[in-house]
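Reading through the structure tokens given below for one structure.
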Amino acid sequence: MSRVAGVIVDVPSRSTDRPFSYAVPADMRAWIELGSRVGVPFAGRTLQGFVVSLADEPPAEGPAKLKPIAELLDPLPPLLPDLVELARWISVKYCCTWTAALQAMVPSAIKGKAERHLRLGEAELPDEAAAESGASRTDAGQVDVENPYMASAAFWAMPEEDGQELPDETLPQELVRELRRQGSLKLEAVRERWPEAGGAIKRALAQGVLIEETSIRDRIGVRMQLTVYPPLDREAAQAALEALPGTAKRQKELLQYVLELEGPVTLQAMLADTGANASSAKALAEKGYILIEEAEQQRDPYAGREFRRSAPLPLTDAQREVFVRIRDAVERAAPATFLLHGVTGSGKTEVYMQSIQRALELGREAIVLVPEISLTPQMVERFKGRFGDEVAVLHSRLSSGERYDEWRRIRRGGAKVAIGARSAVFAPFARLGLIVIDEEHESSYKQEETPKYHARDVAVQRARQHGAVVVLGSATPSLETYAAAARDGAGGALLRLSERAVASVLPPVTVTDMREELRSGNRSMFSRALHEALQARLERGEQSVLLLNRRGYSTFVICRSCGYTALCPHCDISLTYHQKTRAMRCHYCGHAELAPRACPSCESEQIRYFGAGTQKVEEELAKLFPGIRVIRMDVDTTTEKNAHEKWLKLFGERKADVLLGTQMVAKGLDFPYVTLVGVIAADTSLNLPDFRAGERTFQLLTQVAGRAGRHHLPGEVIIQTYNPEHDAIIASQKHDYEGFVAEEMKHRRMMGYPPFCRLILVTMSHEQLASLSATSDRFARRLIELAGQRGVLQPLHGSGARALELLGPVASPISRIKDRYRFQCMIKYRGAVPAAELVSEAIRQTEAEAPRSGVLFSVDVDPHMIL
DNA sequence: AGCACGCCGACT
DNA sequence: GTCGGCGTGCTC
150 MSRVAGVIVD VPSRSTDRPF SYAVPADMRA WIELGSRVGV PFAGRTLQGF VVSLADEPPA
210 EGPAKLKPIA ELLDPLPPLL PDLVELARWI SVKYCCTWTA ALQAMVPSAI KGKAERHLRL
270 GEAELPDEAA AESGASRTDA GQVDVENPYM ASAAFWAMPE EDGQELPDET LPQELVRELR
330 RQGSLKLEAV RERWPEAGGA IKRALAQGVL IEETSIRDRI GVRMQLTVYP PLDREAAQAA
390 LEALPGTAKR QKELLQYVLE LEGPVTLQAM LADTGANASS AKALAEKGYI LIEEAEQQRD
450 PYAGREFRRS APLPLTDAQR EVFVRIRDAV ERAAPATFLL HGVTGSGKTE VYMQSIQRAL
510 ELGREAIVLV PEISLTPQMV ERFKGRFGDE VAVLHSRLSS GERYDEWRRI RRGGAKVAIG
570 ARSAVFAPFA RLGLIVIDEE HESSYKQEET PKYHARDVAV QRARQHGAVV VLGSATPSLE
630 TYAAAARDGA GGALLRLSER AVASVLPPVT VTDMREELRS GNRSMFSRAL HEALQARLER
690 GEQSVLLLNR RGYSTFVICR SCGYTALCPH CDISLTYHQK TRAMRCHYCG HAELAPRACP
750 SCESEQIRYF GAGTQKVEEE LAKLFPGIRV IRMDVDTTTE KNAHEKWLKL FGERKADVLL
810 GTQMVAKGLD FPYVTLVGVI AADTSLNLPD FRAGERTFQL LTQVAGRAGR HHLPGEVIIQ
870 TYNPEHDAII ASQKHDYEGF VAEEMKHRRM MGYPPFCRLI LVTMSHEQLA SLSATSDRFA
930 RRLIELAGQR GVLQPLHGSG ARALELLGPV ASPISRIKDR YRFQCMIKYR GAVPAAELVS
990 EAIRQTEAEA PRSGVLFSVD VDPHMIL
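The first sequence begins at 150 in our numbering and counts up one residue at a time.
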């Protein structure tokens, strides 16, 4: 029963990112816990905050008199103490505010905003008669009946001398009436409806006639619905059923119905089922046989769907060996991390499911993370089929209400397994036993917005708190994870599944050299090999998947005559051409303009739209193979809800010959009639100016190659490239992960990149170059100073165990976005260097030195895209 | 971030 | 002369 709460308020600024102390009102003491969400007065308004500490006495420093917490926002705290602590850890590791980390953990539905209300105060309304006369006076004039207050503005016609009792000072009658009727009104709504009443309202507030209140309003309400609870005393109800007179036919039917209920149903459902009306139900409720109450309605996105129950499958020897290792660790309940390196089709999912089963048997819970786009209905079905209602799905395609309901189900213990994308790592379980991260290498586990956390690293930390086990699964683990697991060496954190569980061989991979094609006169985007292979599939009625790795946005606009390229006026980046709308778009700020017919610079007609977008490939296919049925999947065709599912379903039903898409076609698809996978241009991802380009390409190619010939029909993969001798291409052709890693590691060591060091990218932005330059210099100086004090400032290629070097500040590769210039500093370090803390401290000092400079800092720890 | 408090130009 | 512009200080 603590009297004082430390609260992190929802202000996105580093200077206020510390707990503020509030008095806990006596009536809240039994309810407030670590992780409670509250509304607190802060600098003259009410803000949402999270309770992060509790004490009986106010802290020594701080104000003498604490303000009380204004409201408690949820009966059950949304967060648990371990999550509050985890948020703290995230804020330190990723240089973000504690509040940003806390916000990332809760569903968007409860990111409450302050809402201001007006209500009538104790003070007397000043002379209501005057107000009445005001209204009648306007009746005589040009009255706007719709808006009575506007009418009273007839005062403009009145002589100034009358001004002592300006109608402007009387509150609109309608407003007073509404306030009496409704108790309070949203300030925002009042402002809209009575725009002229501002002065009068201000005065009324000053006099206490009106009172302004603020409270936190969630983005979404809990949907309440009348719910019928079956009789508690069934015998009494049974007796009543028999005693009811024959005339009460409906009541008898209803009673019969509720006696057969196992749990509550909605009133609506009951009435629909029985054909009775609400008054019969009410009569029964009044007699006390049933209870009708407003209850929170749970939206179950998978309601009404049947899931085929599945039993654990027998494991192969290899699977069993891996499973035993994981199971033993789960039973030990000590933190552990495993890397499960298993080729596609090696049966990782079955191992996950049996491990989860064990965790559940031990009374613990499990989280399964999958990349957003792998979270397909088939995936959900597998887990729901095995674990039934114990599974909660957290999926970005759910509405925020549905997601909130699933999340609360977890929080209340109604679900024991959470399956979802990145943010599901925060599923509010209290006794976590296992966290599975499938496709561990996927870049979608790294959040690109603040807090820029990596779900894998957060999972490992969370497992540490709970004594839980983390299983990282991948056919192509990230080099960081692989190196870490290998380093663990004797501990054997590396588990392998090197054979496909279903007997089928990995498909042969052909690499075609597009330079060669060009030399022999083939200027099409399809090599002869791919063309023939496609033709053969069409003839045999088999299907093909074509991958266009468009990352890097190659559809730019260039004038062949003068070299002009279309650039975004707000960002330093070229515009992308979209065939459908004939518009050029900026992928950073959304700016769009109509594509010109002639070059705006030299007026030549030689302006061309370059690069092969999926649209262009689609056109080309139609030209080369008349009548071909193509499904195109990219951001343009999959934005609408469930579009993704719809297309895949069509393809699965063999309603199309070719599935053409960007990376999203590479993931987890499993169609028996797909016997050809073609990669149109492997180079687009290879040539990115990013040290992970090779790794990404290898992973992508390996993954997409796994899509072919997964069943009885043999598959084939064709990769088109201008770089056939690149390691990533050669290794993926040979299905040789280890070979690729060995080469890539050499390269990374030589270049001084992870996993041989770690990186922090600090980006600063401002509208004016001069302010940006000054601030970034100051930041760099502060950081160097701090690193020097800790004795870690030394070149990375030196021999010291601990080293940190700073590169920059320099202009960012995209030197302007949304009219803001961008500079960056890259921090490279090695060994036990508290680099994130140094960066945070340097930012604090820089901001303190020049407050309100307007320079925005953005920190990316372990950045993924160095673009 | 925002809101308050506080000092200088265009309107009743 | 006041309303209101937005510059800085602070928020339990």
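Think of the CB as a built atom: it goes at the ideal place given N, C-alpha and C, for glycine as much as any other residue.
Item, Value
"Assuming the contact rule is C-beta atoms closer than 8 Å, residue 423 and residue 376 should be a hit. Round their C-beta distance to whole Å, please.", "Not confirmed; about 16 Å, so no contact."
"Which residues in the same chain as residue 998 place their Cβ atom closer than 7 Å to its Cβ, once the five residues preceding and following it in sequence are excluded?", "927"
"With a threshold of 16 other CB atoms inside 10 Å of the CB of residue 605, please say whether the residue is buried or exposed.", "buried"
"What's the gap between the Cα of residue 688 and the Cα of residue 811?", "25 Å"
"Give the range of the alpha helix (DSSP H) segment to which residue 733 is assigned.", "Per DSSP, residue 733 belongs to no alpha helix (DSSP H); it is in the beta strand (DSSP E), 732-734."
"Quick check: the region 931-940 against the region 888-903, are at least 3 beta-carbon pairs closer than 8 Å?", "no"
"With residue 498 as the anchor, note down where its alpha helix (DSSP H) starts and where it stops.", "497-510"
"If I'm right that residue 976 touches residue 909 with Cβ under 8 Å, what's the distance once you round it to whole angstroms?", "4 Å"
"Would DSSP call residue 415 helix, strand or coil?", "strand"
"Roughly how many whole angstroms lie between the Cα atoms of residue 437 and residue 338?", "42 Å"
"Looking at the structure shown, is residue 592 part of a helix, part of a strand, or coil, going by DSSP?", "helix"
"Does the region 845-854 come close enough to the region 868-879 that 3 or more CB-CB pairs lie under 8 Å?", "yes"
"Using DSSP with H/G/I as helix, E/B as strand and the rest coil, what is residue 529?", "helix"
"Report the rounded CA-to-CA distance for residue 684 versus residue 575, giving the unit in angstroms.", "48 Å"
"Looking only at its chain, what residues have a beta carbon closer than 7 Å to the beta carbon of residue 278, apart from the 5 residues adjacent to it on each side?", "In this prediction, residue 278 scores a pLDDT of 37, lower than 50, which makes its location untrustworthy; no coordinate-derived value is stated."
"How big is the Cα-Cα spacing for residue 1006 and residue 911?", "7 Å"
"Terminal residues of the continuous alpha helix (DSSP H) containing residue 822?", "First-last for residue 822: undefined, no H or E at that position."
"Just list the residues that DSSP pairs residue 158 with in beta bridges.", "198"
"Out of curiosity, what's the CA-to-CA distance linking residue 330 and residue 324?", "10 Å"
"What did DSSP end up calling residue 164 once you bin it into helix, strand or coil?", "helix"
"Output needed for residue 777: all residues of its chain with C-beta closer than 7 Å, excluding positions within five of it in sequence on either side, in chain order.", "687, 770, 771, 806 and 807"
"Could you pull out every residue in the same chain whose Cβ sits closer than 7 Å to the Cβ of residue 145, ignoring the five residues on either side in sequence?", "The requested residue 145 does not occur in the structure, where the chain is confined to residues 150 to 1016."
"Going along the chain, which residues of its own chain have a beta-carbon closer than 6 Å to the beta-carbon of residue 614, five neighbours each way excluded?", "231"
"Compute the distance between the beta-carbons of residue 823 and residue 914, then report whether it is under 8 Å.", "no"
"Cβ of residue 475 within 8 Å of Cβ of residue 584?", "no"
"Should residue 882 and residue 590 be called a contact, given that it needs their Cβ atoms to be closer than 8 Å?", "no"
"Which value, in whole angstroms, describes the spacing of the CA atoms of residue 712 and residue 745?", "15 Å"
"Roughly how many angstroms separate the alpha carbons of residue 399 and residue 435, rounded to a whole number?", "15 Å"
"Candidates 252, 954, 413 and 267: which alpha carbon is nearest residue 350's?", "267"
"Suppose the cutoff is 6 Å on Cβ atoms and the five residues either side in sequence are ignored; what does the same chain contact list for residue 493 look like?", "624 and 855"
"Beta-carbon separation of residue 1038 and residue 524 under 8 Å?", "Nothing in the structure corresponds to residue 1038, since the chain is present only between 150 and 1016."
"Per DSSP, what kind of secondary structure is residue 150 in: helix, strand or coil?", "coil"
"Would you mind listing the beta strand (DSSP E) stretches within the region 824-872 that are 3+ residues and don't spill past its ends, in chain order?", "865-870"
"Could you give the DSSP three-state label for residue 956: helix, strand or coil?", "strand"
"Which same chain residues, not among the five before or five after residue 1015, have their C-beta less than 6 Å away from its C-beta?", "839"
"With 16 as the cutoff for other CB atoms within 10 Å, does residue 289 come out buried or exposed?", "Residue placement at residue 289 is flagged as unreliable, the pLDDT there being 30, under the threshold of 50; a coordinate-derived value is accordingly withheld."
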